[in-house]
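All the letters of the sequence shown, read from the start, carry residue numbers 383 to 900 under my numbering.
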Amino acid sequence: MLKTRLNPILAVLVILAATLRLINGPRPYDDAFITFRYVENITNGIGFVYNAGEYVLGTTTPLYTLLLALLHFPLKSDLGWIALLINTVADCASIILLYQLGRKFIGGKAPGFVYAAPLLFAVSVFSTNWCIGGMETSLFSCLLLLSFYLAVTRQTVWGAFSAALATLCRPEGILIAGLVLVAAWVIRRGIPWREFLVMTATGAPWALFATLYFGSPIPHSITAKGDKVYIFAETGLARFKQFSLIAWDNPIGQIITTMKLPDGKKIFVLGLVVTIIFLALALAGIWRIWKADRVAGAMALAFPLLLNGAYVLATYRDVLIFDWYLVPLVSWYLLLTTSGLYQWSNWGIGWASRWFKPRAKYSRLLLAGLALYLAVSLVNQMQAYDWGRTRMKSPEYYREAAQIISSRLRPTDTIIAPEIGMLGYYANARIFDSVGLISPGALKYYPVPPNELASNNAIPTRMVNELKPEYVISLELFVRNSLNLSPQFKENYTLLQKIPTNTYGSDGLLIYIRKDLL
Numbered sequence: 383m384l385k386t387r388l389n390p391i392l393a394v395l396v397i398l399a400a401t402l403r404l405i406n407g408p409r410p411y412d413d414a415f416i417t418f419r420y421v422e423n424i425t426n427g428i429g430f431v432y433n434a435g436e437y438v439l440g441t442t443t444p445l446y447t448l449l450l451a452l453l454h455f456p457l458k459s460d461l462g463w464i465a466l467l468i469n470t471v472a473d474c475a476s477i478i479l480l481y482q483l484g485r486k487f488i489g490g491k492a493p494g495f496v497y498a499a500p501l502l503f504a505v506s507v508f509s510t511n512w513c514i515g516g517m518e519t520s521l522f523s524c525l526l527l528l529s530f531y532l533a534v535t536r537q538t539v540w541g542a543f544s545a546a547l548a549t550l551c552r553p554e555g556i557l558i559a560g561l562v563l564v565a566a567w568v569i570r571r572g573i574p575w576r577e578f579l580v581m582t583a584t585g586a587p588w589a590l591f592a593t594l595y596f597g598s599p600i601p602h603s604i605t606a607k608g609d610k611v612y613i614f615a616e617t618g619l620a621r622f623k624q625f626s627l628i629a630w631d632n633p634i635g636q637i638i639t640t641m642k643l644p645d646g647k648k649i650f651v652l653g654l655v656v657t658i659i660f661l662a663l664a665l666a667g668i669w670r671i672w673k674a675d676r677v678a679g680a681m682a683l684a685f686p687l688l689l690n691g692a693y694v695l696a697t698y699r700d701v702l703i704f705d706w707y708l709v710p711l712v713s714w715y716l717l718l719t720t721s722g723l724y725q726w727s728n729w730g731i732g733w734a735s736r737w738f739k740p741r742a743k744y745s746r747l748l749l750a751g752l753a754l755y756l757a758v759s760l761v762n763q764m765q766a767y768d769w770g771r772t773r774m775k776s777p778e779y780y781r782e783a784a785q786i787i788s789s790r791l792r793p794t795d796t797i798i799a800p801e802i803g804m805l806g807y808y809a810n811a812r813i814f815d816s817v818g819l820i821s822p823g824a825l826k827y828y829p830v831p832p833n834e835l836a837s838n839n840a841i842p843t844r845m846v847n848e849l850k851p852e853y854v855i856s857l858e859l860f861v862r863n864s865l866n867l868s869p870q871f872k873e874n875y876t877l878l879q880k881i882p883t884n885t886y887g888s889d890g891l892l893i894y895i896r897k898d899l900l
């Protein structure tokens with residue numbers, strides 16, 4: 383499938399990317415530990431479950447979960463490191479794919495531009511943070527690029543297989559699967575039966591297993607997120623702001639996100655300028671790709687629009703869109719913007735050569751501009767890394783909470799919590815997720831009464847008063863206007879310990895225990 387051998391420059395970029403990711407070590411995000419607990423239960427013979435005996439599909443990444451389990455079973459190594467190694471390999475593969483795609487769309491006449499996207503991806507803080515964060519994002523991003531590459535190189539059957547794997551990695555993969563089918567239909571001018579059968583054969587075993595095992599192949603976490611468990615007050619325009627973060631992942635974007643006005647506000651005017659520059663480059667890149675291959679140009683335009691559109695529509699159902707959902711767009715946008723930079727360079731040279739001679743002089747000048755662009759990017763991204771060290775940290779206060787109650791916990795005890803990742807992984811107890819991602823019974827307590835909300839979510843008072851769990855562990859923000867103001871809750875529970883943290887503006891992580899257990 384990938385026929386070109388690695389060259390020395392590409393090898394250096396791959397080594398650079400691997401080094402930046404591995405030197406930081408694993409920094410799993412809280413949600414990564416949800417997948418890790420599924421993996422531990424699979425490898426320990428308990429089953430594909432979060433809580434023993436509760437057959438709920440609470441992860442949206444069955445492929446990544448099974449891959450982790452496949453490696454964890456024989457190795458019995460730290461899951462954070464296994465995830466980091468998988469993600470690093472995936473990111474390095476993405477660099478090779480970006481190079482191959484650059485050669486196809488830009489050609490060999492401007493090698494500096496061909497290496498631009500791989501270099502920028504290698505040093506991307508946004509991509510690296512989620513690579514070391516233990517999430518499936520790197521693998522998903524790689525499968526998206528691979529599906530695109532295979533489709534535009536007319537290997538649509540293999541592209542269909544890759545797209546099916548992407549869908550098993552994250553549900554959004556169905557978008558690239560649809561585009562691969564359309565591409566195959568356009569290329570062959572006929573119904574893509576082979577591609578459809580390959581996708582079906584790849585996804586059917588999991589769909590059948592999930593239906594029989596869980597009752598549905600649709601992850602319950604998707605059902606919960608669409609069931610108004612989060613409440614937003616922002617307008618659609620305000621919600622869309624987070625998508626501009628991708629446009630800022632460039633030489634000056636990281637600088638802008640760290641700059642503030644005297645009153646503490648971000649410099650959104652400069653951010654708007656960066657976004658306009660980004661759009662100008664991306665649209666020119668789509669034009670360049672379209673000229674090289676119309677199928678590729680259509681896919682290059684369609685996928686970002688479809689993914690962004692799906693997320694924007696999801697926010698209107700109060701679905702919380704996390705940063706790592708947007709990471710797959712980084713590699714896509716880098717390909718578009720570097721192709722666009724090459725296209726603008728060609729337009730500039732063409733314009734200048736009409737008035738001035740010789741043409742080669744301006745070619746060298748524009749290549750010098752590209753070198754400066756890449757140099758600034760490298761320095762800026764390194765600054766955002768704190769020169770190689772990521773600023774991303776795991777929420778260790780949840781591990782501390784699990785240690786605090788470990789000597790008291792009994793096998794039958796239940797903990798209600800709104801964030802179940804690290805807490806659930808380290809606490810040997812049944813977890814009742816107040817948001818409902820792995821606990822279908824939580825959804826009947828939603829929507830939360832407005833007077834109980836201090837943020838976009840809260841533990842419903844009625845949930846705790848009816849279920850009477852042994853423990854309630856939550857950031858103060860999520861109980862501020864609900865449990866903390868409930869006389870019945872105060873009558874039945876007492877604060878066992880408060881762990882200092884100001885996360886999300888909370889006044890600590892609160893550990894409540896039922897009074898009859900003291």
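C-beta atoms are modelled at their ideal positions from N, C-alpha and C, and glycine is treated no differently. Source: prediction; values computed, not measured.
| Asked | Found |
| --- | --- |
| Nonlocal neighbours in the same chain, by C-beta distance under 8 Å from A662, ignoring five residues either side | G722 and W726 |
| Residue burial classification, P456 (beta-carbon count within 10 angstroms, cutoff 16) | exposed |
| Segment contact, 8 Å Cβ cut-off, at least three pairs: the segment 706 to 716 with the segment 842 to 855 | no |
| Opposing strand residues paired with S856 [DSSP bridges] | L892 |
| Straight-line Cα distance separating A824 from S544 | 36 Å |
| Straight-line gap, F660 to F503 (C-alpha atoms, nearest Å) | 16 Å |
| Coarse secondary structure for K880, derived from DSSP in three states | strand |
| Extent of the continuous beta strand (DSSP E) run through F814 | R812 to D815 |
| Inter-stretch contact (C-beta, 8 Å, three-pair minimum) for the segment 830 to 842 and the segment 444 to 453 | no |
| Buried versus exposed, by CB contacts within 10 Å (16 or more), W729 | exposed |
| Contact the segment 675 to 685 vs the segment 528 to 544: 3+ CB pairs below 8 Å | yes |
| Contacting residues, own chain, Cβ-Cβ under 6 Å from D889 (five flanking each side not counted) | E858 |
| In DSSP terms, what Y875 is bridged to | R896 |
| Anticipated Cβ contact below 8 Å, S821 with I841, distance rounded | That belief does not hold up - the Cβ atoms of S821 and I841 are roughly 12 Å apart, past 8 Å. |
| Helix, strand or coil at I798 [DSSP, three-state] | strand |
| Proximity of A566 and E577 at Cβ, strictly below 8 Å | yes |
| Between the CA atoms of I558 and I798 - distance to the nearest angstrom | 37 Å |
| Nearest candidate by alpha-carbon position, reference C474, set L702, S789 and T401 | T401 |
| For P587 and R790, the rounded distance between their alpha carbons | 42 Å |
| L892 vs S856 beta-carbon contact at 8 Å | yes |
| Candidates A678, K872, G887 and C513, of which the one nearest K897 by Cα | K872 |
| L395 versus P500 - alpha carbon distance | 7 Å |
| Nearest-angstrom Cβ-Cβ length linking N439 and F591, presumed shorter than 8 Å | For the sequence presented, residue 439 should be read as Leu rather than Asn. Wrong, their Cβ atoms sit about 10 Å apart, outside the cutoff. |
| Buried versus exposed call for K880 [16 or more other C-beta atoms within 10 Å across all chains shown] | exposed |
| Sub-8 Å separation of M581 and A548 beta-carbons | no |
| Cβ-based neighbour list, V421, same chain, cut-off 8 Å, excluding 5 preceding and 5 following | T447, L450, A451, H454 and L461 |
| Limits of the unbroken alpha helix (DSSP H) element including W512 | V507 to C513 |
| DSSP state of Y411 mapped onto helix, strand, coil | coil |
| Cutoff 7 Å; reference A783; Cβ partners in own chain excluding five residues on either side | L805, I855, I881, L891 and I893 |
| Span separating the alpha-carbon of L900 from that of Y827 | 28 Å |
| Cα-Cα separation between Y432 and R419, rounded to whole angstroms | 6 Å |
| Of the listed residues K458, V701, V817 and V496, nearest to L392 (C-alpha basis) | V496 |
| Inter-residue spacing [alpha-carbon to alpha-carbon] between F704 and I556 | 19 Å |
| M581: first and last residue of the uninterrupted alpha helix (DSSP H) it sits in | W575 to F596 |
| Delimiting residues of the alpha helix (DSSP H) encompassing V562 | G555 to R570 |
| Where G818 falls, given that 16 or more other Cβ within 10 Å makes a residue buried | buried |
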